[in-house]
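The sequence shown begins at 1147 in our numbering and counts up by one. Ideal placement from N, C-alpha and C gives every residue a C-beta, glycine not left out. Quick caveat: nothing in here was measured; it's all calculated off a predicted structure. What follows is a single structure, written as structure tokens, with notes after it.
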Amino acid sequence: MSNHRRNPPGIILIRSLRGKDWSLKTYRYVVLLVTFIAYTAYHASRKPSSIVKSVLDPGQNQANSIGFRPWPFGQLFIEREAAPIAAKNKGWAPFNGKDGTWRLGAIDLAFLGSYAMGMYGAGHLGDKLDLRMFLTTGMVGSGIFVGLFGMGYFWDIHIFAFYLAMQMVAGFFQATGWPSVVAVIGNWFGKRKRGLIMGVWNAHTSTGNIAGSLLAAGVLQYGWGWSFILPGAFIFVSGILVYLFLPAYPEDIGFSNPHESHGQALASPRDEESQRLKESLAGNSSSGDRKSIGLVQACLIPGVIPFALCLFFAKLVAYTFLYWLPYYLSQTAVEGQYMSVKSAGNLSTLFDVGGIIGGILAGYISDKLKARATTAASFMYAAIPAMIFYRRYGSISKVSNVVLMMIAGLLVNGPYALITTAVSADLGTHSSLKGDSRALATVTAIIDGTGSIGAALGPLLTGFLSTKSWDAVFYMLILGAFAAGLLLTHLVVAEIKEKFSKQLSPEQNDISVYDLKVNITVKPLGRFCTIKGVELRITINIVIRIESEKKSS
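What follows is the structure in structure tokens.
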């Protein structure tokens, strides 16, 4: 990789128009905003397939259905939808036959399987290539192939292999996203309050799911093809935004990397002379000088394997909800009535509203406790009763469905968000790397790639299990949540032991202990204590212990 990368054209233009550069704080805001939009677009483009499932394969969709307007603008539930509208939908070959549900699961597997496989290679490439260009390529490619899937509607294509191929290629392009955006954030932000910062920033996942659901459901009446084309156009345009405005490396702009111990961040230049100095330093300190590490080396970083395996089951649970919740809602009676496909798609966004809260809460708690594993495991265990309650009582009333769904979303998405953001960034800048390697994208890819295998497995198994009963699906989700928490047991025990050891026994390096011994000999009652020439003496030993804290230099 070349030591010299081109700065984003949009940044260059703004510099020339303003006559001076932004401060470090402003650049960080720009990075947060651009990467937030980027990954919102990634998730929005993944959502359409879950929205159109009930259109492609109506299954048992009853004419007795209820609907509601999109929740940001109207009530959640309104009066019944006209029966003829539901009756008109015959489905779309090849998904409306007896193997329709299985084929819907298969295209999910095609996307998520190629996404998982591509993730491992994408992380290594992300540490070698220019992250801005790598991310742009992935987003533009994703937009094209998501749109091509939707074009199958307008071209009247009924060949299963076509849809399978579009999903597979789209999955490979989508694999570029997560390692890249986490690496960019890790490049610009140190570890202080990383959990909270990334918890807020990670709201893009749920925001993207909500945006994708509303976009896809909003245009469904014009043909299911539009449900793919609009999110595809969204990620395509967002890719252009990344190319124009994303500064992927602080070194290229003239600021020091927050993970390097030498040097301070350079002040923002205020004139042409300081600008030339800044560009010179940027060229000398480019991150291209640092070597990337291999997959095996990254796996040996303490904590990578346990968190990767935990995420396998956490994403199995989360992605089952992501891909099948709208379908489940359309097939499950609430107060004895079934809702329309559009209504189910809109209602499912509330799961992601809970997910936004969960991601922020998990990040905040883990920062306060300084215990990432304990926080993640606690959320996963708490998700078990939440899912049981949702399955059992979610159909009793509309209010109970909404409340229990949001609670489940909070607990399911909280640890998923924490592990894929703050934990990945922590491990990618682990002290064992000694600052001589670039591992952010590689570590992120290993953790999220392993998680994505679970993300592929969950929806596939759901496609099979849902034909038996939805209870079987929820049993799978409960076992997945339990396994996710169990896999972090060793790290949780280590964190708890560390907490107790700090509280019960102060570190010897920080506290010095001195014993002052004083011997006092007295002759009580003077001459009256002398008996036959033997003098009576009393000796008192006093030990004074003094503890003093060492002041850090």
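Taking a C-beta distance under 9 Å as the contact criterion, G1358 and S1489 do not qualify as a contact pair.
The criterion of a C-beta distance shorter than 9 Å is not satisfied by A1508 and V1328.
Counting along the chain, P1472 sits inside the alpha helix (DSSP H) bounded by residues V1450 to Q1477.
By the 16-neighbour rule on beta-carbons within 10 angstroms, H1189 is buried. The beta carbon of V1315 is closer than 7 Å to those of F1291 in its chain, skipping five residues each way along the sequence. Between F1380 and A1184 the beta-carbon gap is near 11 Å, outside 8 Å, which marks them as no contact. Following the DSSP letters along the chain, one finds T1282 inside the alpha helix (DSSP H) bounded by residues L1277 to F1300. For A1517, the CB contacts under 6 Å within the same chain, skipping 5 residues up- and downstream, are E1641 in chain order. Around L1366, the same chain offers I1197, V1198, V1201, W1372, S1373, V1487, K1488 and G1491 as residues with beta carbons nearer than 8 Å, after the five sequence neighbours per side are excluded. For G1317, the closest alpha carbon among the candidates A1268, V1346 and V1549 is that of A1268. In its own chain, leaving out the 5 sequence neighbours on each side, no residue places its CB closer than 6 Å to the CB of D1572. Counting along the chain, no alpha helix (DSSP H) covers P1154, and no H or E run does either.
For the set F1319, P1240 and S1647, the Cα lying nearest the Cα of S1260 is the one of F1319. V1315 sits in a helix when the DSSP states are folded into three classes. Within the DSSP bridge table, the entry for V1480 names Q1483 as partners. Counting only runs of 4+ residues, the alpha helix (DSSP H) found wholly inside the segment 1333-1409 occupies 1340-1347, 1349-1364, 1372-1391 and 1396-1399, in chain order. CA-to-CA, the gap between K1643 and L1633 works out to about 17 Å. DSSP, read as helix, strand or coil, puts S1169 in coil. Counting C-beta pairs with one atom in each stretch, the segment 1265-1279 and the segment 1586-1601 have three or more that are closer than 8 Å, which means they touch. Spanning the alpha carbons of L1556 and R1537 requires a straight line of approximately 16 Å.
A residue is called buried when at least 16 other Cβ atoms come within 10 angstroms of its Cβ; Y1395 meets this threshold and is buried. Ranked by Cα distance from M1485, the options A1554, T1466, T1567 and S1543 are led by S1543. Relative to the Cα of F1628, the nearest Cα in the group S1541, I1447 and A1529 belongs to A1529.
The beta carbon of M1312 lies closer than 7 Å to those of F1291, L1294 and F1295 in the same chain, with the five residues before and after it left out. Taking L1475 as the centre and dropping the five residues before and after it, the same chain places the C-beta of M1485, A1490, L1493 and S1494 closer than 7 Å to its C-beta, in chain order. Within the model, the alpha-carbon separation for G1364 versus P1377 is close to 12 Å. Nearest to L1360 by C-alpha distance, out of I1624, Q1483, G1243 and D1498, is D1498. For T1181, the closest alpha carbon among the candidates T1322, L1275, D1302 and W1248 is that of T1322. Remark: C-beta atoms of G1540 and T1478 approach each other more closely than 9 Å. The three-state secondary structure of S1541, taken from DSSP, is coil. If you draw a straight line from the Cα of T1351 to the Cα of D1302, it comes to about 32 Å.
With a contact defined as Cβ atoms closer than 8 Å, I1553 and G1500 qualify at about 6 Å. In the DSSP annotation of this structure, the continuous segment of the alpha helix (DSSP H) that includes F1620 starts and ends at W1616 to L1632. Leaving aside the five residues that flank V1450 on each side, the residues in its chain whose CB is nearer than 8 Å to its CB run, in chain order, A1444, L1573, V1589, I1592 and I1593. W1168 has its alpha-carbon roughly 38 Å from the corresponding atom of T1596.
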